[in-house]
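Trainee: In the working numbering, the protein residues as written are 10 to 192.
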Amino acid sequence: MSTVPERSVLDQRELDDSRMPYQLPFPPDAAEEILVGGAIPEDERVWVPQAEGLHFRPLLLHASQGYWCNLLRVRRTGIVSRHRHPMPVFGYVLRGSWHYLEHDWVANAGDWLYEPPGETHTLVVPEGVDEMITLFTVNAAMVYVDPWGKTTGFEDVFTKIEMCRKHYAECGLGADYVDQFVR
Ligand code: FE
10 MSTVPERSVL
20 DQRELDDSRM
30 PYQLPFPPDA
40 AEEILVGGAI
50 PEDERVWVPQ
60 AEGLHFRPLL
70 LHASQGYWCN
80 LLRVRRTGIV
90 SRHRHPMPVF
100 GYVLRGSWHY
110 LEHDWVANAG
120 DWLYEPPGET
130 HTLVVPEGVD
140 EMITLFTVNA
150 AMVYVDPWGK
160 TTGFEDVFTK
170 IEMCRKHYAE
180 CGLGADYVDQ
190 FVR
């Protein structure tokens, strides 16, 4: 006789709970979340120059995990770099198109890609592409090499942070502008 009202009280509680924020504290060691408003920035100073016609925009510089997420923007045609990946890379093309000399596919806006550990490839932006922007998540490092695999340089999350600090100090945003992306 009393089962019907009890049931409806329970349903009401479940409904209320479904709209309720999580009530407990996050783990004390959890990092702070990031929302990057306008990932493709209006302010040109946010783009960090890397070489002629080549910029990156930091989104997450994960020092404690050794990886970074950034937008790569290329406004020149031809070879961008030849590099090896010791760890996986994930990419999502937002604008333009590009390809690797070592593969027969072309990455176009809207395409997603996976670069497995052990890949060495040479990034090319073809004639007729004014601008390419690709979201890359790069684990561990980019190891720059010659065609025979001899190392000519490298980048990791720490060199990325350093480049950002230097550029943001020089352009007036302030060296600590980069801190919001560092975890
Ligand atoms: Fe790559």
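Where a beta carbon is used, it is the ideal one built from N, C-alpha and C, also for glycine.
Given 8 Å as the limit, is there contact between the region 109-118 and the region 51-59, that is, 3 or more CB pairs closer than that?
Mentor: The region 109-118 is not in contact with the region 51-59.
Trainee: Cα-Cα, which of Asp38, Ala40, Ile88, Asp52 is closest to Gly181?
Mentor: Residue 181 sits at position 172 when you count from the first residue of the sequence shown. The shortest Cα separation from Gly181 among Asp38, Ala40, Ile88, Asp52 belongs to Asp52.
Trainee: Please tell me whether Pro67 and Phe145 are closer than 8 Å, where the distance is taken between their beta carbons.
Mentor: Against the sequence shown, residue 67 aligns to sequence position 58. Against the sequence shown, residue 145 aligns to sequence position 136. Cβ distance not < 8 Å, so Pro67 and Phe145 don't count as in contact.
Trainee: Tyr177 and Val7 - do their beta-carbons sit closer together than 8 Å?
Mentor: No answer is possible for residue 7: the residues shown for the chain start at 10 and end at 192.
Trainee: When we look at the beta-carbon of Ile88 and count the other beta-carbons within 10 Å, is it buried (16 or more) or exposed?
Mentor: To locate residue 88, count along the sequence shown from 1; it is residue 79. The residue in question, Ile88, is exposed, as its Cβ has fewer than 16 Cβ neighbours within 10 Å.
Trainee: Taking 8 Å as the cut-off, decide whether the C-beta atoms of Val152 and Phe163 are in contact.
Mentor: Along the sequence shown, one-based indexing puts residue 152 at 143. Along the sequence shown, one-based indexing puts residue 163 at 154. Yes.
Trainee: Do the region 114-127 and the region 83-98 touch if we need at least three Cβ pairs shorter than 8 Å?
Mentor: Yes: at least three Cβ pairs fall under 8 Å.
Trainee: Would you check if the distance between the CB atom of Arg91 and the CB atom of Val138 is smaller than 8 Å?
Mentor: Indexing the sequence shown from 1 puts residue 91 at position 82. Indexing the sequence shown from 1 puts residue 138 at position 129. No.
Trainee: By Cβ distance, which residues of its chain are closer than 6 Å to Gly100, with the 5 residues on each side in sequence left out?
Mentor: Numbered from 1 along the sequence shown, position 91 holds the residue referred to as residue 100. Hits under 6 Å: Leu122, Thr143, Phe145.
Trainee: Would you mind reading off the limits of the alpha helix (DSSP H) that contains Ile170?
Mentor: If you number the sequence shown from 1, residue 170 lands on position 161. It spans 166-180 - the alpha helix (DSSP H) in which Ile170 sits, taken as one unbroken run.
Trainee: What three-state label does DSSP hand Gln189 in the structure shown?
Mentor: Here residue 189 refers to the residue found at position 180 when the sequence shown is read from its first residue. If DSSP states are grouped into helix, strand and coil, Gln189 belongs with the helices.
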